[in-house]
Amino acid sequence: MSELEFRVAIRDALAEELERDESVLFFGEDVAAEQGGVFAVTPGLQERFGANRVFDTPISELALAGAAFGAAATGTRPVIEIMFGDFMALPMDSLVNQAAKLWFVSNEQGSAPLVIRSAVGAGGRFGAMHSQNPGTWLQGIPGLKVVAPSSPADAKGLLKSAIRDDNPVIFLEHKRLYSIKGPEPDSETVPLEEAAVVREGGDLTIVSISKGVRDALQAADTLAGDGLEIEVIDLRALRPLDLATVLTSVAKTNRVLAVEEGPRVGGWATGLLGSIAEQGLHDLDDAWIVATEETPIPYSPSLEDEFLPNAETIVESVRARLRTGVETGA
Amino acid sequence: MSELEFRVAIRDALAEELERDESVLFFGEDVAAEQGGVFAVTPGLQERFGANRVFDTPISELALAGAAFGAAATGTRPVIEIMFGDFMALPMDSLVNQAAKLWFVSNEQGSAPLVIRSAVGAGGRFGAMHSQNPGTWLQGIPGLKVVAPSSPADAKGLLKSAIRDDNPVIFLEHKRLYSIKGPEPDSETVPLEEAAVVREGGDLTIVSISKGVRDALQAADTLAGDGLEIEVIDLRALRPLDLATVLTSVAKTNRVLAVEEGPRVGGWATGLLGSIAEQGLHDLDDAWIVATEETPIPYSPSLEDEFLPNAETIVESVRARLRTGVETGA
Amino acid sequence: MSARPAQETERAPEPAGLEREHDPGAFLDAYARMVLIREFEQAIHRLFLKGEVHGTTHLSAGQEAVPVGVCMALDADDYVSGTYRGHGHALAKGTAPEALAAEMLGRASGVCGGRAGSMNVVDLEHGLVGCFGIVGGSIAAATGAALSARRQGRVSVAFFGDGATNQAYFHECLNFARVLELPVVYVCENNFYGEFTPMENVTAGGEIAARAGAYKIPFTVVDGNDLWAVRDAATEAVERARSEGGPTLLECQTYRHYGHSKSDPAKYRPDDELERWLARDPLTIARERLLADGIGEDEVTAVETEGREEMERATQAALAAPYPDPRERPGSEFSG
Amino acid sequence: MSARPAQETERAPEPAGLEREHDPGAFLDAYARMVLIREFEQAIHRLFLKGEVHGTTHLSAGQEAVPVGVCMALDADDYVSGTYRGHGHALAKGTAPEALAAEMLGRASGVCGGRAGSMNVVDLEHGLVGCFGIVGGSIAAATGAALSARRQGRVSVAFFGDGATNQAYFHECLNFARVLELPVVYVCENNFYGEFTPMENVTAGGEIAARAGAYKIPFTVVDGNDLWAVRDAATEAVERARSEGGPTLLECQTYRHYGHSKSDPAKYRPDDELERWLARDPLTIARERLLADGIGEDEVTAVETEGREEMERATQAALAAPYPDPRERPGSEFSG
Ligand SMILES: Cc1ncc(C[n+]2csc(CCOP(=O)(O)OP(=O)(O)O)c2C)c(N)n1
Ligand SMILES: Cc1ncc(C[n+]2csc(CCOP(=O)(O)OP(=O)(O)O)c2C)c(N)n1
Ligand SMILES: [Mg+2]
Ligand SMILES: [Mg+2]
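Protein chains in written order, with numbering that gives the first Met the number 0: chain A, 0 to 329; chain B, 0 to 329; chain C, 0 to 335; chain D, 0 to 335.
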């Protein structure tokens with residue numbers, strides 16, 4: 000079976016959609032340059048589709064997003080790159096007050112079909128301003144879809160769906176995933192609003208997204224050795240949130256762990272547990288979170304490694320929690 | 000007993016801190032003009048403290064916040080006004096990547112003691128771009144304190160604490176509170192990190208913040224007529240989050256309702272319930288949320304009134320939930 | 000209005016310009032639109048005082064020549080974006096007065112079903128990408144629309160105030176538009192105040208149009224109360240945009256007759272300032288010029304009466320319209 | 000370095016300027032600091048290749064005359080803010096090479112305890128408000144520091160690249176600083192590239208310094224590889240700031256010898272471009288000028304040897320330092 004690299008999956012999805020639909024544009028900082036962006040995701044696209052459809056821009060994140068909005072409102076389907084997720088704070092006004100609002104506020108006259116790709120996440124020793132996960136800043140904004148794939152196949156299928164979607168989609172690519180390989184997708188697109196049960200089990204549900212899903216799967220492998228059958232759910236999107244899939248799983252396992260690469264307070268993981276508590280309290284025997292400390296992300300390897308959740312800390316947390324049954328945060 | 004108006008409480012806190020500490024500055028758009036800002040909160044301050052310490056600025060939210068950061072890092076204590084909370088998306092980079100990070104990333108060499116005051120919340124028919132509650136965008140940012148008072152006394156005491164605090168504080172003033180009156184504070188300052196039990200009761204805990212606390216108190220009055228003793232907790236801050244006070248209350252009442260003026264997904268209310276589930280699951284017989292629909296905020300009175308939580312919808316929700324015991328969102 | 004049928008192809012600038020130059024009825028039509036905007040603002044002002052318009056509202060009375068003059072240079076399918084002070088932007092581009100009034104009143108028949116209100120009007124059918132409650136937002140919307148416009152043989156116009164030229168959007172978008180040579184016209188309505196603050200107090204250099212020079216974007220300062228001047232400058236800019244000449248900045252100097260918003264008595268204005276500007280009322284200037292250009296007084300008066308009557312009908316219809324029922328049509332977060 | 004003791008009071012600009020003008024040792028000291036920066040960058044480059052420096056790093060070799068020349072005009076207690084390409088900014092302002100190297104290596108003895116890394120260095124003791132991983136962030140930090148500086152009789156300097164002049168921060172802060180007449184100097188290190196993209200491709204108008212003109216901020220274009228030119232222009236700007244003359248923009252034209260960051264082989268550069276700039280290496284230029292000005296070759300060589308040795312010591316010490324132990328010192332979100 001041929002294997003697909005995550006960054007190539009993104010590149011292919013872009014190329015195929017640029018090919019398929021004349022109204023798709025792609026622009027960003029250094030994305031059209033020979034290197035194809037700082038993570039070498041998009042080389043060759045300008046050569047193939049021309050400088051009118053694929054181009055480099057000034058370092059102007061607010062103009063980038065604002066231009067994407069105006070273009071999307073008038074018949075174009077722009078895909079833009081905000082190089083690092085940390086920079087998403089710069090164009091935030093355009094996301095929140097322009098793209099997210101057009102559909103509802105215009106009384107459904109039109110929407111803003113744009114996609115913002117961005118490299119997110121820690122683990123690369125990039126420090127506090129190049130490692131954040133802006134998904135939680137944006138999860139509470141009605142009108143924005145917030146998607147983050149965990150595998151090459153999903154990266155391709157979700158990005159194609161995002162480009163075809165009539166709504167603004169924030170598409171978060173974890174830096175630690177760019178070089179991973181995985182099976183080719185078995186469908187053209189992957190729906191943006193369906194969480195995936197990526198491993199089945201009856202003892203505990205672990206929910207995560209993006210790189211966390213890989214960590215959870217790896218942890219589940221290890222824990223299988225303890226005789227624990229772990230069900231792993233990949234949320235795929237933080238908004239809209241597919242709570243139903245999670246609730247179904249929790250009704251079966253009665254225990255849920257949410258793994259987030261980010262702080263507990265204000266994160267999506269506590270919110271997910273809260274929604275489970277609201278709708279499925281009586282199914283719930285235990286619920287907890289593996290997250291980061293409540294600080295910015297440190298640079299030094301010794302600090303960053305300790306800071307981030309990984310397969311090992313998940314395993315430890317599950318063992319500790321299931322052994323003791325104590326209800327304190329892991 | 001003399002009564003204090005909320006807007007005057009803010010003004011007095013500012014004036015007293017400007018008086019007390021030479022290093023305090025206050026600036027923003029139209030704040031020094033005769034009217035004292037669009038909500039008439041700060042008239043007279045420039046006359047009293049001079050144009051070097053209280054001044055109007057260009058319409059440049061990013062420069063405002065950035066200037067506050069740089070000033071705060073170098074020995075000044077700036078208080079700025081971002082006129083409407085919705086505009087908080089414009090200076091977001093400075094909040095997230097500058098102010099919030101200085102303390103930790105500098106290895107605690109220094110911090111950024113600044114305060115950003117902003118008028119938030121709906122109910123005034125201001126439409127989708129002048130009514131949002133940006134607290135949830137910022138709750139997940141370690142290093143930022145996010146405070147929102149519910150009474151004139153708290154407004155004064157919390158703002159004074161915020162100005163004296165060595166960390167960046169986002170101070171959110173609900174527009175619907177500016178004209179309310181209440182008792183004078185009985186202490187000079189109110190700590191930023193302590194939730195308040197503003198009404199005691201043993202049957203149900205209602206947790207809210209800002210205007211929601213007033214709605215909850217009013218609902219509790221009505222529900223007292225049903226024989227229900229409601230405990231009402233005012234979070235006062237979304238970050239840091241005083242979970243302990245909430246857990247203590249829930250251990251007593253076993254039931255919790257969180258009332259949020261904002262959407263469920265990505266909101267603080269689901270997060271709060273999640274944290275309770277993580278740490279106090281076995282105390283919990285029921286947990287639910289009263290929030291808004293997952294859309295932007297509509298303008299028309301008929302739509303906005305239906306959209307927003309209020310005392311009545313809280314009463315209805317409590318009656319429905321406690322009567323039926325059904326675990327579906329209210 | 001001078002809107003012409005949609006054209007998907009590019010055209011040479013000169014003939015279009017000349018054709019408009021000599022169209023005798025165009026300025027009378029434009030005057031009619033200015034009258035309508037003035038009547039609209041006065042109606043909204045009255046309705047506001049009666050409590051029928053909610054929240055806040057920002058009236059553009061005194062500034063009518065700017066959107067009307069600019070839209071004379073546009074086709075129906077060109078794009079514009081406006082501000083919270085956007086009634087004139089919408090009406091000049093073709094939004095029906097009744098639908099706009101109903102929006103202010105929060106009625107179901109409003110152009111946005113009552114969801115948007117005064118500050119956030121969108122009318123895609125008429126090429127109004129949006130009005131933006133965020134100062135500077137309109138600049139981005141039009142810049143982006145120009146990316147589409149370039150592919151569609153259209154142009155795009157941003158309306159914004161003097162205060163907006165200190166915003167991030169202004170700088171990033173003007174640079175972006177010049178780099179990409181986008182067909183966009185930036186129209187700054189310099190009314191010399193941002194809320195209660197005089198423009199010169201917060202605008203370094205004090206010269207707005209000159210800021211375009213930093214990006215080598217052509218710019219002009221126009222008398223924004225003179226319909227002819229605005230229309231001529233806009234025509235040149237629009238033709239530049241259509242002929243791949245890239246962006247232009249027009250600074251139209253004008254004045255708002257009312258305060259910044261409903262709650263502002265505008266006490267910060269120096270004595271006589273309003274009077275001096277009222278003496279240069281764009282409607283008076285246009286009326287006199289039309290008469291001087293040989294249009295009969297009866298024709299002008301007819302247009303004025305019609306405007307008043309149209310607005311009266313629109314107001315009554317809007318007042319009679321029902322409020323939207325959220326249970327009937329709750330509204331969705333997402334399209335599709 | 001030319002840092003003088005802290006002075007809280009204002010002073011007349013002329014004497015200070017002249018005093019510096021005639022200080023014979025100042026330029027040799029400054030050359031020593033340039034040598035140190037070059038040695039630092041080369042050491043970091045080697046350490047990076049060995050895997051000791053993590054993530055990414057942005058070297059400033061070739062640009063040394065800019066921070067050193069600017070800091071010659073500053074006092075020890077003046078403020079500067081730098082960028083992710085900030086090693087030179089920190090070293091020029093007084094950060095110890097060992098503490099900076101240890102930071103790159105993620106060690107506990109780093110100037111930020113290993114928490115910041117290459118891109119986000121802060122050294123408040125030496126007036127370095129921060130280095131900013133966000134392009135343009137340094138502009139805001141220095142603008143804000145100028146609010147303090149004005150009250151403290153100090154000045155504030157922002158270092159940033161050509162690419163940053165297209166950012167929101169540039170526009171809003173320059174306008175803000177002029178409106179408030181802040182004592183700030185904006186120093187653009189124009190190295191003609193932002194990452195892989197040539198400056199002229201994304202900078203409308205192509206003239207960075209001229210952008211200051213839009214705000215009526217005085218500006219100068221300097222040869223950024225000539226220590227004397229930079230120092231003279233900076234002295235004038237700093238004196239303007241100190242004497243309540245408000246902000247200045249200096250565009251220092253220079254060139255980075257390495258690629259943008261560790262992973263960039265800089266293939267996008269035209270043939271010979273690097274060679275042409277290497278021929279104008281700021282170290283060579285400074286060396287020749289020192290000799291021409293009568294400094295003995297032995298003195299110059301001694302300074303070079305010393306720089307090499309200091310850096311070698313610093314590197315060894317940094318390499319020997321322990322990594323921070325997160326359990327010992329977990330770090331807190333808040334002060335107090
Ligand atoms: C980003 C932002 N900041 C502040 C405001 C509040 N505000 C609304 S209108 C206005 C003044 C704008 O002045 P100008 O751009 O000159 O337009 P005018 O109102 O004069 O037409 C301000 C500060 C806003 N709506 N958006
Ligand atoms: C807001 C933001 N956008 C993009 C980046 C990615 N980035 C890092 S350096 C750089 C180029 C900056 O160019 P310039 O300002 O000329 O500085 P130089 O690197 O040449 O010193 C870019 C685009 C960033 N760090 N911050
Ligand atoms: Mg104005
Ligand atoms: Mg550069």
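Cβ coordinates follow ideal geometry from the N, Cα and C atoms, glycine included.
Worksheet item: What does a CB cutoff of less than 8 Å around residue 92/A pick up in its chain, not counting 5 residues either side in sequence?
Response: Numbered from its first residue, the first sequence carries residue 92/A at position 93. The residues are 61.
Discussion item. Which residue wins for smallest C-alpha separation from residue 307/D, given the options 36/D, 225/D and 232/D?
Written reply: Here residue 307/D is taken as the residue at index 308 of the fourth sequence, counted from 1. With distances taken between Cα atoms, residue 307/D lies closest to 36/D.
Worksheet item: Which whole runs of the beta strand (DSSP E) in the stretch 161-223 of chain B are 3 residues long or more, in chain order?
Response: 168-173, 180-182, 195-198 and 203-207
Worksheet item: Going along the stretch 160-172 of chain C in order, which residues come within less than 9 Å of chain D, judged by CB to CB distance?
Response: 164, 165, 166, 167, 168, 169, 170 and 171
Discussion item. Between residue 208/D and chain C, is any beta-carbon pair separated by less than 8 Å?
Written reply: The residue given as residue 208/D occupies position 209 in the fourth sequence. It does not: the Cβ of residue 208/D has no partner Cβ on chain C nearer than 8 Å.
Worksheet item: Whose C-alpha, out of 106/D, 49/D and 90/D, is nearest the C-alpha of residue 31/D?
Response: On the fourth sequence, position 32 is the one that residue 31/D refers to. Taking only the C-alpha atoms, the option nearest residue 31/D is 90/D.
Worksheet item: Is it the case that the Cβ atoms of residue 89/A and residue 140/D are separated by a distance below 8 Å?
Response: Within the first sequence, residue 89/A is the residue found at index 90, counting from 1. Within the fourth sequence, residue 140/D is the residue found at index 141, counting from 1. No, they are not a contact pair.
Discussion item. Short of 6 Å in beta carbon distance, which residues of its chain neighbour residue 140/A, apart from the five on each side in sequence? Order them along the chain.
Written reply: Here residue 140/A refers to the residue found at position 141 of the first sequence. Cβ within range, chain order: 95 and 99.
Worksheet item: Mind pulling the chain A residues with CB within less than 8 Å of residue 111/C?
Response: Here residue 111/C refers to the residue found at position 112 of the third sequence. The contacting residues are 104, 105, 106 and 108.
Discussion item. Three Cβ pairs or more, each shorter than 8 Å: is that satisfied between the stretch 96-106 of chain D and the stretch 133-148 of chain D?
Written reply: no
Discussion item. Considering only DSSP beta bridges, list what residue 24/B is partnered with.
Written reply: For the purposes of this step, residue 24/B is taken as residue 25 along the second sequence, with counting starting at 1. Its beta-bridge partners are 77/B.
Worksheet item: Span of the beta strand (DSSP E) holding residue 189/C?
Response: What you label residue 189/C is simply residue 190 of the third sequence in a count that begins at 1. Taken as a continuous stretch (DSSP letters only), the beta strand (DSSP E) holding residue 189/C covers 183-189.
Worksheet item: What residues from chain A crowd round residue 119/D, counting only those whose CB sits closer than 8 Å?
Response: The residue labelled residue 119/D in the question sits at position 120 within the fourth sequence. Simply 126, 127, 128 and 298.
Worksheet item: For residue 57/C, does the count of other Cβ atoms within 10 angstroms reach 16, so buried, or fall short, so exposed?
Response: On the third sequence, position 58 is the one that residue 57/C refers to. Classification of residue 57/C: buried, given that the 10 Å Cβ count is 16 or more.
Worksheet item: Straight-line CA distance for residue 115/B to residue 64/B?
Response: If you number the second sequence from 1, residue 115/B lands on position 116. If you number the second sequence from 1, residue 64/B lands on position 65. Each residue's Cα considered, the two are about 8 Å apart.
Worksheet item: Is the beta carbon of residue 286/D less than 8 Å from the beta carbon of residue 71/D?
Response: Within the fourth sequence, numbered from 1, the residue matching residue 286/D stands at position 287. Within the fourth sequence, numbered from 1, the residue matching residue 71/D stands at position 72. No, these two residues do not count as a Cβ contact at 8 Å.
Worksheet item: Just to confirm, are residue 83/C and residue 299/B a CB contact at a threshold of 8 Å?
Response: Position 84 of the third sequence, counting from 1, holds the residue named residue 83/C. Position 300 of the second sequence, counting from 1, holds the residue named residue 299/B. Taking 8 Å as the Cβ cut-off, residue 83/C and residue 299/B do not qualify as a contacting pair.
Discussion item. Among the candidates 85/B, 103/B, 208/B and 68/B, whose CA atom is the shortest distance from the CA of residue 77/B?
Written reply: The residue you call residue 77/B lines up with position 78 of the second sequence. Considering only alpha carbons, the answer is 68/B.
Fill in: Residue(s) in a DSSP beta bridge with residue 254/B
For the purposes of this step, residue 254/B is identified with residue 255 of the second sequence, where counting begins at 1. Note: residue 254/B sits in a beta bridge opposite 285/B.
Item to complete: Within 10 angstroms of the Cβ of residue 115/D, are there 16 or more other Cβ atoms? Answer buried if so, exposed if not.
Response: Counting from 1 along the fourth sequence, the entry for residue 115/D is found at position 116. The residue in question, residue 115/D, is buried, as its Cβ has 16 or more Cβ neighbours within 10 Å.
Worksheet entry | C-alpha distance - residue 256/C paired with residue 117/C, whole-angstrom precision | Numbered from its first residue, the third sequence carries residue 256/C at position 257. Numbered from its first residue, the third sequence carries residue 117/C at position 118. Rounded to the nearest angstrom, the two C-alpha atoms are 18 Å apart.
Practice prompt. May I ask whether a heavy atom of ligand 3 can be found less than 7 Å away from the beta carbon of residue 161/C?
Written response: One-based indexing of the third sequence puts residue 161/C at position 162. Correct: residue 161/C has its Cβ closer than 7 Å to ligand 3.
Discussion item. Cutting at 7 Å between CB atoms, please list the residues of its own chain near residue 324/D, excluding the five before and the five after it.
Written reply: For the purposes of this step, residue 324/D is identified with residue 325 of the fourth sequence, where counting begins at 1. Hits under 7 Å: none found.
Discussion item. Determine, for residue 21/D, whether the minimum Cβ-Cβ distance to residues of chain B falls below 8 Å.
Written reply: Taking the fourth sequence and counting its residues from 1, the one referred to as residue 21/D is at position 22. Interpretation of residue 21/D is limited by its pLDDT of 47, a score under 50 that renders its predicted location unreliable; no figure is taken from the coordinates.
Discussion item. For a test of the three-state rule: what should DSSP assign to residue 168/C, helix, strand or coil?
Written reply: Sequence index remark: in the third sequence, residue 168/C carries index 169 (1-based). Three-state result, residue 168/C: helix.
Worksheet item: If you draw a straight line from the C-alpha of residue 200/D to the C-alpha of residue 263/D, how long is it?
Response: As a working note, residue 200/D is residue 201 in the fourth sequence. As a working note, residue 263/D is residue 264 in the fourth sequence. Looking at the two C-alpha atoms, the distance is approximately 19 Å.
Item to complete: Look up residue 52/B in the DSSP assignment and say whether it is helix, strand or coil.
Response: For this step, residue 52/B is matched to residue 53 along the second sequence. Residue 52/B: coil per DSSP, three-state reduction.
Item to complete: Indicate, with yes or no, if ligand 4 has a heavy atom lying under 7 Å from the CB of residue 322/C.
Response: In the third sequence, residue 322/C corresponds to position 323, counting from 1. No.
Worksheet item: Hey, does residue 192/C have any beta-carbon neighbour from chain D nearer than 8 Å?
Response: Taking the first residue of the third sequence as 1, we reach residue 192/C at position 193. Output row for residue 192/C: interface = no.
Worksheet item: CA-CA distance, residue 7/D and residue 293/B?
Response: Indexing the fourth sequence from 1 puts residue 7/D at position 8. Indexing the second sequence from 1 puts residue 293/B at position 294. Confidence at residue 7/D is low in this model, with a pLDDT of 33, below 50, so its placement is unreliable and the value that follows should be read with caution. Approximately 55 Å, taken between the alpha carbons.
Fill in: Cutoff 8 Å; reference residue 177/C; Cβ partners in own chain excluding five residues on either side
Locating residue 177/C in the third sequence gives position 178, counting from the first residue. Here the set comprises 214, 215, 216, 245 and 246.
Discussion item. I'd like to know whether the C-beta of residue 195/D is nearer than 8 Å to at least one C-beta of chain A.
Written reply: Indexing the fourth sequence from 1 puts residue 195/D at position 196. Residue 195/D counts as touching chain A.
Worksheet entry | Any chain B beta carbon closer than 8 Å to residue 149/A | If you number the first sequence from 1, residue 149/A lands on position 150. Taking Cβ atoms only, chain B never reaches closer than 8 Å to residue 149/A, which makes this a no.
Practice prompt. Run the proximity test for residue 57/C: is its beta-carbon closer than 7 Å to any non-hydrogen atom belonging to ligand 1?
Written response: The sequence position of residue 57/C within the third sequence is 58, counting from 1. At least one heavy atom of ligand 1 is nearer than 7 Å to the Cβ of residue 57/C, so yes.
Discussion item. Considering just the uninterrupted stretch of the alpha helix (DSSP H) at residue 330/A, what are its terminal residues?
Written reply: In the structure as shown, chain A starts at 0 and stops at 329, and residue 330/A therefore has no counterpart that could be examined.
Discussion item. With distance defined between alpha-carbon atoms, name the residue in 225/C, 268/C and 170/C nearest to residue 33/C.
Written reply: The residue labelled residue 33/C in the question sits at position 34 within the third sequence. For residue 33/C, the nearest C-alpha among the options comes from 225/C.
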